[in-house]
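Throughout the sequence shown, residue numbering follows the numbering used here, covering 332 to 555 in sequence.
First comes the structure, then the notes that go with it.
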Amino acid sequence: MEPQKLLTVGQLFKKSFEFYKSKMYTIMVLALIPFAGFVIISLLNEAIDQSPNKGFMLSVGLITFLMVLIILAISFWIHIAIFYLIKQKDSVLDAKSLLKFFWSKIIPSAWVILLSGIICIVGFILLIIPGIILYIWFSFALYVFVFEDAKGMQALYKSKDLVKGYWWPVFGRLFLFGFLTAFISSVPVIGDLVNIFFMIPLGVIYAYFIYENLKTVKTKPGIL
């Protein structure tokens, strides 16, 4: 019996965009937080470039470095909060409530990401192809953690099981989205804004619908 086919890229984009529109205000508010941080960092870098005082440059440089670390941590928090926005899609949650709800999930979700990251990096170091294979296998580990409450290596194993038999279709769908995001990034200034407020959150939603689709076809095998 042939396996079911996954949703096409067009169908995934349509479903993702519809969900994005339904939660656009909350997503925009979430995205504003790291955006404001990056604006501050840009201003600090400009101040460093224009100052001839080495002591001032060193002090501002240290502040900028600390700001980058803080913004990266906040960006991670907000990025994962979007997963819970999807999970609580039938609830009315504002950005503040969503971030508060996710606060207790930061450490276990970071652990899942760290595990998959380490394994994929080892794969890339050994040879590029094993790294790519591992990356696709574990692409849905965080979704498994959020939606199935599977922690640590269990989330990675479940993600691999979902992708099994559909590696190439999953790779193609993720690659196309990644290529589009990279292309948009090449556009000065505007590209970064589009990615922060649209493409990055849309990517989380897009991958969710692939994850959901995989679960469906795995539980209902057969020809479409």
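Just so it is clear, CB atoms sit at the ideal spot from N, CA and C, and this is done for glycine as well.
- The three-state reading of DSSP puts P439 in helix, counting H, G and I together.
- Under the DSSP assignment, G462 falls in the alpha helix (DSSP H) whose first and last residues are I459 to W468.
- Residue environment analysis places S440 among the buried positions, since at least 16 neighbouring C-beta atoms fall within 10 angstroms of its C-beta.
- If the five residues before and after F369 are omitted, its C-beta is found closer than 7 Å to the C-beta atoms of I402, all from its own chain and listed in chain order.
- Fewer than three Cβ pairs drawn from the segment 487–495 and the segment 507–516 lie within less than 8 Å of each other, which leaves the two stretches out of contact.
- Nearest neighbour of F476 by Cα position, chosen from I527, I438 and S406, turns out to be I438.
- Within the same chain, Cβ atoms closer than 8 Å to the Cβ of P365 are found at I402, I405, S406, I409 and I527, the five residues on either side in sequence being excluded.
- Here W468 is buried: its Cβ has 16 or more other Cβ atoms, across all protein chains shown, within 10 Å.
- Within 10 angstroms of the beta-carbon of F540 lie 16 or more other beta-carbons, which makes it buried.
- For the pair W498 and I463, the Cα-to-Cα distance works out to about 11 Å.
- A straight-line Cα-Cα distance of about 16 Å links I456 and L445.
- CA-CA distance, F478 to Q419, rounds to 10 Å.
- The DSSP-derived three-state label of G496 is coil.
- The three-state secondary structure of A481, taken from DSSP, is coil.
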